[in-house]
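Numbering (our numbering), first residue to last: 13 to 224.
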């Protein structure tokens, strides 16, 4: 009887030791998983911080990346680059419908539906058709981009001069547009992480037409 009791006690000790060992392995596994999760979250946070610090500079239609702390480029500079790129795509138009379509589609990717409504209105008035049928082209020369960073979405007013170059003459127009700019997700097609909203042209008046 005593032998049986001793055997049972030994068995209980073995089971207890096995259970303790299993518990230890389980605790170590949980700790390892927690450390892995914390490490992964830390690396993700570091990567997102790096992306936030990285800005994109538009130079003659080409984008190059840089770190904000190194290049001292502000959010205002990115907004200005985005707005300028949008206007160049939307208003620098060659006498080719295929090229016009490509350029305007690039502009529309940088703005909300208000830009499409503007484009649709101009198209319905036959402006693009007249450009292509007469071999004319349009250019815009941006003089100033005024950005109000005290409100969000940021308010922007663009002052420019617009030219329509025809075979026999060149017309010069005053041009003023306004819009708001909101933050957006950065992508290959939207390097500055901006979105133009409520776009409208508030002035587009003929200044002069001169013969060639």
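Every residue gets a Cβ at the ideal spot worked out from N, C-alpha and C, and that includes glycine. All values derive from a computational prediction rather than experimental measurement.
Residue burial classification, residue i (beta-carbon count within 10 angstroms, cutoff 16)
| i | result |
| --- | --- |
| residue 163 | exposed |
| residue 148 | buried |
| residue 218 | exposed |
| residue 117 | exposed |
| residue 174 | buried |
| residue 200 | exposed |
| residue 214 | exposed |
| residue 114 | exposed |
| residue 141 | exposed |
Residues near residue i in its chain [Cβ-Cβ closer than 7 Å; skip 5 each side]
| i | result |
| --- | --- |
| residue 167 | 160 and 192 |
| residue 184 | 173, 175, 219 and 220 |
| residue 128 | 120 |
| residue 153 | 172 and 173 |
Proximal residues to residue i (C-beta, below 8 Å), its chain only, five neighbours per side dropped
| i | result |
| --- | --- |
| residue 124 | 207, 208, 209, 210 and 211 |
| residue 223 | 180 and 181 |
| residue 196 | 202, 205, 206 and 207 |
Option nearest residue i by Cα separation, candidates the options
| i | options | result |
| --- | --- | --- |
| residue 100 | 189, 218 and 219 | 189 |
| residue 194 | 165, 88 and 116 | 165 |
| residue 181 | 127, 220, 130 and 105 | 220 |
| residue 145 | 205, 112, 152 and 153 | 112 |
Proximal residues to residue i (C-beta, below 6 Å), its chain only, five neighbours per side dropped
| i | result |
| --- | --- |
| residue 157 | 92, 95 and 170 |
| residue 106 | 149 |
| residue 102 | 119 |
For residue j and residue i, the rounded distance between their alpha carbons
| i | j | result |
| --- | --- | --- |
| residue 132 | residue 150 | 17 Å |
| residue 98 | residue 122 | 6 Å |
| residue 120 | residue 216 | 20 Å |
| residue 143 | residue 126 | 23 Å |
| residue 155 | residue 187 | 10 Å |
| residue 87 | residue 198 | 13 Å |
| residue 139 | residue 108 | 13 Å |
| residue 134 | residue 110 | 17 Å |
| residue 202 | residue 177 | 30 Å |
| residue 130 | residue 136 | 10 Å |
If you scan the segment 71 to 149 from start to end, which runs of the beta strand (DSSP E) of 3 or more residues do you find wholly inside it? 74 to 79
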